[in-house]
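J.: If you use this note's numbering, the sequence shown corresponds to residues 12 to 387, in order. The beta carbon of each residue, even a glycine, is placed where N, CA and C say it ideally should be. Quick one: structure below, then a few questions.
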Amino acid sequence: MNMLFQTMQGTHNTTLYTYHSRSVIYDTFYRFIVHIPWLYVWARVHTRMLMKIFGWIVVLPDYRASIEVVKRIQPDLIICAHPLQPLIFLKVRKALRANYDVAMCICDYGDQKEYVDSSPMLRTYLVRDEYTKDCMEKYIPSNSMVVFGTNVPDSFVEVSAMNEVRSTALFKEFCQQLAKPLVWNPVRKKLLVLGGSGWVKSSMSLIGRLSRCGEFDVLVACGKDGKTERKLMNMDNIFPFGFVDQRKLAVVEKAVDAIILSSIAPATMHELFTINRHPLFVHRYIQGQETPHVKLVQDWNVGMYEPTDEKMIELIKDYCGHPDKYAEMVNRAHSIQMNNVDRARNNPSIPARIRAERPAQQLYSSDDPLKIPSPW
């Protein structure tokens, strides 16, 4: 997310601050509801009604911390990356009689109606591509949307350019340091199951079949999901690992023979497009939020969505045996990523645009005592 915001600064002289909420209420609720598809869909459909009824309940967990950060930083512009955040900062602005603007970054592709259902209409929305802009014109005026590009972390660019000897040596070192070390066998194909904390477990049945298949060494990125990691430790041919830094993850992504996705976030897509070794094999995705991403993978012709375990294994075997058949997908991914990088280099400066329309004013003097208004 930091890379996303950094590229939004453009070439203008702006100072970037990032604020990460420490509240786990939203995240816990989301991780619960997303595993109950009918309830998740219902909540998405009725977001506007729910926000009218429970708006202050949403705001309260972050209200005090948000006021503190606004008074400390005195921002000209707040860019929100979560559908609920604008509601919080709009209420903070009203409580403080502040003068900053609030913009929304629509981090996902396609029709993302929940981004406009969770708060009043904003003046500026940032979208990833023209396709998303077209989808969102049902809800947002076209002149309120700005298309932006996002650079990926330097570690992925570095590893992508690394020679094979060096990257393979680093991968072997990584395999030896696993809690369940992977004994190197150059003949056996190596797979990576990737999905972020909490989502890899949705592919447990596939991982079990790959274990019993016995033809692959399967690395599984479990992130912070220690329970799933411990469960996978007992499976033959399965080598789970927890959270690792971006450079190590990039090394693994470059070295394996195929990558299976249990979720398909835009950041993951562009990181894999940068490594640019394989088509995307999508086994699972987060219903609603990531539904447009599956369509994009197919429309862009950069991979395949296959939810059936047996068919996914057949696809992986075919790819590992005949990678040349899929070269067009890999080339397409490279082209898409180059366009994204070019867009990132030419990003409009959102802060400069806002300032030109409405000059910022000082919110508080530096010696103003911190006073927390009541939300009631």
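1. Is the CB-CB distance between G253 and E240 below 8 Å?
2. Taking only the alpha-carbon atoms, compute the straight-line gap between D128 and Y74 and give it to the nearest angstrom.
3. How big is the Cα-Cα spacing for I117 and N196?
4. Which runs of the beta strand (DSSP E) at least 3 residues long sit entirely within the segment 78-141? Give them in chain order.
5. Taking buried to mean at least 16 other C-beta atoms within 10 Å of its own C-beta, is I383 buried or exposed?
6. Do D268 and F250 have their CB atoms nearer than 8 Å?
7. Can you say whether M340 is buried or exposed, counting buried as having 16 or more other CB atoms within 10 angstroms of its CB?
8. Can you tell me where the beta strand (DSSP E) holding G314 begins and where it ends?
9. Is it right to say D379 is buried, meaning 16 or more other beta carbons lie within 10 angstroms of its own, or is it exposed?
10. Start and end of the beta strand (DSSP E) containing A388?
11. Kindly list the residues whose CB is nearer than 6 Å to the CB of H304, restricted to its own chain and excluding five residues on each side of it in sequence; keep chain order.
12. State the Cα-Cα distance for the pair G332 and N357, rounded to the nearest angstrom.
13. Cα-Cα, which of F43, V293, E184 and D247 is closest to G206?
14. Look at the Cβ atom of V103, then the Cβ atom of V81, and state whether they are nearer than 8 Å.
15. In chain order, what residues of the same chain have a beta carbon less than 8 Å from the beta carbon of R369, not counting five sequence neighbours either side?
16. Can you give the beta carbon distance from Q257 to F182, rounded, assuming they're within the 8 Å contact cut?
17. If we define contact as Cβ-Cβ less than 8 Å, is P97 a contact residue for chain C?
18. What do you get for I272, buried or exposed, if any count of 16 or more other CB atoms within 10 angstroms of its CB means buried?
19. Nearest to I89 by alpha carbon, out of I68, T29, W49 and S216?
20. Where does A276 fall in DSSP's three states?
21. Within 7 Å: the Cβ of R288 and any heavy atom of the ligand SAH?
22. Bridge partners for L230 per DSSP, in chain order?
23. Sort Q300, Q123 and V138 by Cα distance to A355 and report the nearest one.
24. Among D140, A106, K144 and E169, which has the Cα closest to the Cα of L283?
25. Less than 8 Å between the C-beta atoms of A327 and R220, yes or no?
26. Is the Cβ-Cβ distance between G2 and V308 less than 8 Å?
27. Look up V293 in the DSSP assignment and say whether it is helix, strand or coil.
28. What does the alpha-carbon distance come out to for the pair T135 and T285?
29. Since L189 and I270 are thought to touch, with beta carbons under 8 Å apart, how far apart are those beta carbons, to the nearest angstrom?
30. Which residue's Cα is closest to the Cα of S77: E141, A344, Q96 and K306?
31. Run through the DSSP bridge pairs and tell me what M156 is partnered with.
32. In three-state terms, what does DSSP make of D145?
33. Counting only the same chain and skipping the five closest in sequence on each side, list residues whose C-beta sits under 8 Å from that of K144.
34. Pull up the CB-CB distance for C91 and M115, whole angstroms please, since I reckon it's below 8 Å.
35. Is the CB-CB distance between A54 and I68 below 8 Å?
T.: The short version:
1. yes
2. 20 Å
3. 44 Å
4. 88-91, 112-116 and 135-138
5. With a pLDDT of 39 at I383, under the threshold of 50, the modelled position of that residue is not reliable, and the figure given next carries that caveat. With fewer than 16 Cβ atoms within 10 Å of its Cβ, I383 is classed as exposed.
6. no
7. buried
8. G314 to Y316
9. Reliability of the predicted coordinates at D379 is poor, the pLDDT of 36 falling under 50, and the value obtained from them is presented with this limitation in mind. By the 10 Å Cβ count, D379 comes out exposed.
10. Lying outside 12 to 387, the shown extent of the chain, residue 388 is not represented and no answer is given.
11. Y120 and I275
12. 40 Å
13. V293
14. yes
15. Below a pLDDT of 50, predicted positions are generally treated as unreliable, and R369, at 47, falls in that range; the measurement from the model is reported next regardless. Closer than 8 Å at Cβ, skipping near neighbours: D112.
16. No, Q257 and F182 are not in contact; Cβ-Cβ is about 15 Å, not under 8 Å.
17. The question asks about chain C, but that chain is absent: this structure has only one protein chain.
18. Per the sequence presented here, residue 272 reads as Leu, with Ile not at that position. L272 should be labelled buried.
19. T29
20. coil
21. No copy of the ligand SAH appears in this structure; indeed no ligand is present at all.
22. L203 and F250
23. V138
24. E169
25. Before going on, a small fix: residue 327 reads as Ile here, not Ala. No; because the gap between Cβ atoms is not below 8 Å, this pair is not in contact.
26. Residue 2 lies beyond the range of the chain shown here (12 to 387); nothing can be said about it.
27. strand
28. 29 Å
29. So it is not a contact: roughly 17 Å between Cβ atoms.
30. Q96
31. Y136
32. helix
33. V138, S153, M156 and V158
34. 5 Å
35. no
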